[in-house]
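Q:
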Amino acid sequence: MKEQTLQHKVIIAYLAHKSNLSATALLAVLDCQLLSELNIDILTAAETTLNDTDKLLDRQADEVHTLLSALITNQHTCSDGLHATVSAWSIKNGLSVPIHNSTKRYDVSLALFKQAWEPHRKNRNHRVVSPSKLPRRKTLLLNQVTVGRDGEVPLRMPGPKRELFERWSGRRLLQATDTVLVNDVVRVRQDGSGNFATITDAVKSAPVDHDANTGYHLIYVAAGVYEEYVVIPKHKKHLMMVGDGINQTVITGNHSVGDGRTTFNSSTFGALGRGFVAISITFRNAAGPAKFQAVAVLNNADLFTFYSCSFEGYQDTLYTHSMRQFYRECDIYGTVDYIFGNAAVVFQNCNIYSRLPLPSQINTITAQGRTDPNQNTGTSMQSCNFLAAADLAAMALCLESQESPITFLGRPWKPYSRTVVMQSYMDSLIEPAGWVQWNGDDLALNTLHDAEHNNSGPGSGTAGRVDWPGYLVISANDAINFTVSNFISGDQWLPMAGVPHDGGLL
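Going by our numbering, the sequence shown opens with residue 1264, and the numbers climb by one from there.
#1: With distances taken between CB atoms, is the gap from residue 1607 to residue 1587 smaller than 8 Å?
#2: Buried or exposed: where does residue 1399 fall if 16 or more other Cβ atoms within 10 Å of its Cβ makes it buried?
#3: Count the C-beta pairs between the region 1563-1570 and the region 1619-1639 that are closer than 8 Å, then say yes if the count reaches three, no if not.
#4: Using a Cβ distance threshold of 8 Å, determine whether the region 1492-1508 contacts the region 1532-1552, with at least three qualifying pairs required.
#5: Around the Cβ of residue 1589, are there at least 16 other Cβ atoms within 10 angstroms (buried) or fewer (exposed)?
#6: Please classify residue 1408: does DSSP put it in a helix, a strand, or coil?
#7: Tell me which residue opens and which closes the beta strand (DSSP E) that residue 1714 is part of.
#8: Taking the straight line between their C-alpha atoms, what separation do you get for residue 1269 and residue 1288?
#9: Give a yes or no on whether the minimum CB-CB distance between residue 1454 and chain B is below 8 Å.
#10: Output the distance between the C-alpha atoms of residue 1534 and residue 1554, rounded to the nearest integer angstrom.
#11: Can you tell me the Cα-Cα spacing of residue 1733 and residue 1275, whole angstroms?
#12: What are the start and end residues of each continuous beta strand (DSSP E) run of 3 or more residues lying completely inside the region 1410-1478, in chain order?
#13: Would you tell me roughly how many angstroms separate the C-alpha atoms of residue 1292 and residue 1322, rounded to the nearest one?
#14: Can you tell me the Cα-Cα spacing of residue 1452 and residue 1696, whole angstroms?
#15: How about residue 1699 and residue 1643: are their beta carbons less than 8 Å apart?
#16: Give me the Cα-Cα distance between residue 1648 and residue 1713, rounded to the nearest whole angstrom.
#17: Counting pairs of Cβ atoms below 8 Å between the region 1509-1517 and the region 1488-1498, do you hit three or more?
#18: Does the ligand ATP have a heavy atom nearer than 7 Å to the CB of residue 1326?
#19: How big is the Cα-Cα spacing for residue 1442 and residue 1277?
#20: I'd like to know whether the C-beta atoms of residue 1625 and residue 1595 end up nearer to each other than 8 Å.
#21: Out of curiosity, what's the CA-to-CA distance linking residue 1716 and residue 1710?
#22: Alpha carbons only, please: which of 1529, 1300, 1425, 1523 is nearest the one belonging to residue 1483?
#23: Using the C-alpha atoms, what's the distance from residue 1762 back to residue 1546?
#24: Can you tell me which of 1574, 1303, 1631 puts its alpha carbon nearest to the alpha carbon of residue 1683?
#25: Contact check, residue 1475 vs residue 1538 under 8 Å by CB: the rounded distance?
#26: Along the chain, where does the alpha helix (DSSP H) containing residue 1327 start, and where does it finish?
#27: Quick one, which of 1416, 1676, 1379, 1521 has its alpha-carbon nearest residue 1602's?
#28: How big is the Cα-Cα spacing for residue 1465 and residue 1421?
#29: Tell me, please, which residues DSSP counts as bridged to residue 1626.
Here you go:
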């Protein structure tokens, strides 16, 4: 904690002379300020958990492991932003040196924690189970009532609130006695007939540090195109945001690196509050392909859930920055590195649409950012569809096959990049090699972990895949480690959100 506090003071000292900084440099240092504040919170939470018990439960150990992994990710995000946008030698060295030193110490702390905890985990028969013992298609049941699909979840709320929600949304809530508890509900409508005219105002009004045990604070966002930049602050916890459907409720913006922003602060929607749930909403960055990195959604707090949502952009559409995240039945559109970051994240039953890139670009669907082999992070894509968006499909029909834009499953953003694609359908847009280096760099090819298991479709053949040491075609016994139950401990927190999930292999 002392190390992080000192680093934070150095950042504040630079901000005290912000008039000397360019606009882009200032944004990069402000990113570092926010990330440093988050790291202080992370260290406080980890220390509290470790000091409050002599013997960690599996759930507590997973949380500490997640926190320490995110701690390191935040450090690298700050450092990357400085190197990409700050030209002043004094700033780079004045901030980068203490950040680098802190990161090295955090790497050691994570390694020591994992080394100390892993033997206990193995001796206590940790929850990881074999494919034969895990349900093949686990459907979440609440009192024998199957959770609704297509963006419907069973919500339980006080009678007057239920009547309001049903009238506002035009949908009847499923009748079940044990459903997702909602404490309060407010409505956003652009015409002023709701409680709020903007999403930002609705978020501001939400309770601070909301207790999950009392139920979600639900923000119902009526159909409309909301041109605003929304942030769920870290102290706004356990919010549920429900829209009227994909392409009905739309949150849009156009911030981008091309306009002088950092990737980290280019997002249309950013969520920092633990336990956030979004259902039936489109998130869009409309900057366009010529504006380079332009994030639609950035997520970097724990236990995030997106159900029946869409994410639209080109380069860097969805920033799965850190912590544990789950996406179910979502549509993701983009071109370059459009699913990227260093969260422990599972995409399940999602449609992954590659769009038409610029003439000088190739499509790379994922860019995973694991920097330390002890981080519990990675991207798992299960039962997803890898497809060409309408513009890419139309272009492919017009051109000879050798001239069509090239699409890869991903490339390694950082040295220990980890991406697993399993039980998914790949259309013919996927290149036979499957994966591609980061800007021609061989550095990560021995240390990355790119894997495929039991995929189908014309683009799924593995005979022509890359021959990197880190690329594998894995068995069910290995794939089981990247399921919802085992990779993100989803059985422990997804039931509270009422979102359907399959815990194991399908």
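Built from N, CA and C at the ideal position, the CB exists for glycine as well.
A: In short, the structure shows the following:
#1: yes
#2: Residue confidence for residue 1399 is low, a pLDDT of 39 falling below 50, so the modelled location carries little weight; the figure read from the coordinates is stated next. The residue is exposed, with fewer than 16 neighbouring Cβ atoms inside 10 Å.
#3: No: the two stretches stay apart, fewer than three of their Cβ pairs being nearer than 8 Å.
#4: Flag = yes, the region 1492-1508 and the region 1532-1552 touch.
#5: buried
#6: Low local confidence applies: a pLDDT of 28 at residue 1408 is under 50, so the model's placement there is unreliable, with the coordinate-based value given in what follows. Looking at residue 1408 - three-state DSSP - the assignment turns out to be strand.
#7: Secondary structure note for residue 1714: its beta strand (DSSP E) is the uninterrupted segment 1712-1716.
#8: 21 Å
#9: Although the question refers to chain B, the structure presented lacks it and comprises just one protein chain.
#10: A direct Cα-to-Cα measurement between residue 1534 and residue 1554 gives close to 23 Å.
#11: 41 Å
#12: 1443-1451
#13: 35 Å
#14: 48 Å
#15: no
#16: 18 Å
#17: yes
#18: This structure does not include the ligand ATP; it has no bound ligands of any sort.
#19: 50 Å
#20: no
#21: 19 Å
#22: 1425
#23: 19 Å
#24: For the residues 1574, 1303, 1631, the minimum Cα distance to residue 1683 belongs to 1631.
#25: 6 Å
#26: Counting along the chain, the alpha helix (DSSP H) containing residue 1327 begins and ends at 1321-1348.
#27: 1676
#28: Straight-line Cα distance between these residues: approximately 20 Å.
#29: 1670
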